[in-house]
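Just so you know, the numbering used here puts 477 at position 323 of the sequence shown, and the rest follows in order with no gaps. C-beta: ideal position from N, C-alpha, C; glycine also. Computed from a predicted model, the values in this text were never measured in an experiment.
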Amino acid sequence: MGVYQRLGVRPIINARGMNTMASGSLMPPPVLEAMAEAATAFVDMAELNARAGERIARLVGVEAAHVTSGSAGGLLLAAAACIAGTNPDRIRRLPDTEGMRDEIVIQACQRIQYDQALRAGGARLVAVGDADACTPEQVEAAIGDRTAALIFIVSPRLGEAGVSVERMAASAHAHGLPLIVDAASTLPPTGHLTRWTDRGADLVIYSGGKGIRGPQGSGLLVGRADLIRAAAANGAPNASIGRPCKVSKEDIIGLVTALELFVEDDHRREWDRHFEEAREIAAAAEGVPGARVRIEDDDSVWTSPTVLVSLDEAKPDLTPTTLMNALRVGEPPIMTRVFQGDLLLDPHCLRGDEALVVARRLREELARVPVAP
155 MGVYQRLGVR
165 PIINARGMNT
175 MASGSLMPPP
185 VLEAMAEAAT
195 AFVDMAELNA
205 RAGERIARLV
215 GVEAAHVTSG
225 SAGGLLLAAA
235 ACIAGTNPDR
245 IRRLPDTEGM
255 RDEIVIQACQ
265 RIQYDQALRA
275 GGARLVAVGD
285 ADACTPEQVE
295 AAIGDRTAAL
305 IFIVSPRLGE
315 AGVSVERMAA
325 SAHAHGLPLI
335 VDAASTLPPT
345 GHLTRWTDRG
355 ADLVIYSGGK
365 GIRGPQGSGL
375 LVGRADLIRA
385 AAANGAPNAS
395 IGRPCKVSKE
405 DIIGLVTALE
415 LFVEDDHRRE
425 WDRHFEEARE
435 IAAAAEGVPG
445 ARVRIEDDDS
455 VWTSPTVLVS
465 LDEAKPDLTP
475 TTLMNALRVG
485 EPPIMTRVFQ
495 GDLLLDPHCL
505 RGDEALVVAR
515 RLREELARVP
525 VAP
């Protein structure tokens, strides 16, 4: 009996993509081997953090880097770095920010459910614009004496709404402020490792447990050396606001190893393979009354070709949510998700012939609900 079966947990087919709810991605054997080796010795964690950051910075091509406890941990440390810097008194006082610059300007159309991590680091968010749009003038008007930083969120859900990252960087730098970019789920391709610093970002956050295929609980914070030093000062193993976000020696070594593999991978070949899997899945919904299917394949936005299934009034008893739930509780269990009113199926984490299994189950569930008379 396997480790999951002993707990009564059923392994799933992951058609949800590199997503925390679906347990991230699977680590390659060299990563697992490196983590096992790391577990056999004691090290000075401050030294390991520093040396790992230096190695990551060279691999990525940035000034400096720091390993974080996932992207959320990266957001917390980025906020703390911009607010408290390396000042020992301010670091001790967080999240109390009285007398400090503690505001981070964010576009209202980019507000996400994870911005609580910024507030945990001491930030007060100042949202500008509305849910649909924002202008450079609104961003400028929001910058004041309490502003510590600006932030830009990257997500397919957000599209091109609002002020561009270049304009956000220009506004930040005109006031001597840093720009943080949350690019958690933008890898692969490898080029995205420097995409945001090249456009003016001072700190960029990436997940380590998604496209990089490192430990699920790991992340990367990269950018300006002074801000990375501040992030490290606010993080573990120090007694600071980031102490709860500690990263184990095994996870640090695992992430470095995964990144070494990631920068050498042939991501175009991987993309082409996933596109064929997406076509197999999409074919299952084509021609089904009440269902419309498309493949999103803009690699500047999506990390892999992604199938989106829309449902209309021809099947009034079937919604994307009920279809998602039916796939989840069936045999084998398949995890998907709802994205902007459509069922999303991402082949990035499929293995072997799982694309065919997903296609078959999708076809079965679509056929199970009758068409309205």
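Within a 10 Å sphere around the beta-carbon of G362 sit 16 or more other beta-carbons, which makes this residue buried. Separation of the CB atoms of S372 and V221 is rounded to 6 Å, and the pair is thereby assigned contact status at 8 Å. Following the DSSP letters along the chain, one finds L213 inside the alpha helix (DSSP H) bounded by residues 199-214. Annotation: the continuous alpha helix (DSSP H) that includes L229 extends over 224-238.
Following the DSSP letters along the chain, one finds T289 in no alpha helix (DSSP H), marked with neither H nor E.
The shortest CA-to-CA distance from R170 to any of L279, S179, L304, L374 is the one to S179.
For L333, the three-state secondary structure derived from DSSP is strand. Beta-carbon to beta-carbon, M489 and N168 are separated by about 6 Å, close enough to satisfy the 8 Å threshold. Residue range 496-499 is occupied by the beta strand (DSSP E) that includes D496.
Between the stretch 411-427 and the stretch 278-288 there are fewer than three C-beta pairs closer than 8 Å, too few to call the two in contact. The three-state reading of DSSP puts N173 in strand, counting E and B together.
T348 sits in a helix when the DSSP states are folded into three classes.
According to the DSSP secondary-structure assignment, M489 is paired through a beta bridge with N168. Nearest Cα to M254 within the set R265, Q261, Q270, A235: A235.
C-alpha of C263 to C-alpha of I435: approximately 32 Å in a straight line. Annotated three-state conformation of I435 is helix, per DSSP.
In the structure shown, G316 falls within a coil segment according to DSSP collapsed to helix, strand and coil. In the DSSP assignment, A513 falls within the unbroken alpha helix (DSSP H) covering 508-522. Between the stretch 406-416 and the stretch 239-252, the count of C-beta pairs closer than 8 Å stays below three; the two stretches do not touch. F429 sits in a helix when the DSSP states are folded into three classes. Straight-line measurement puts the Cα of T301 at about 44 Å from the Cα of A432. DSSP places T473 in the coil class of the three-state scheme, outside both helix and strand. Under DSSP, the beta-bridge partners assigned to E450 are T460. The criterion of a C-beta distance shorter than 8 Å is satisfied by Q370 and S177.
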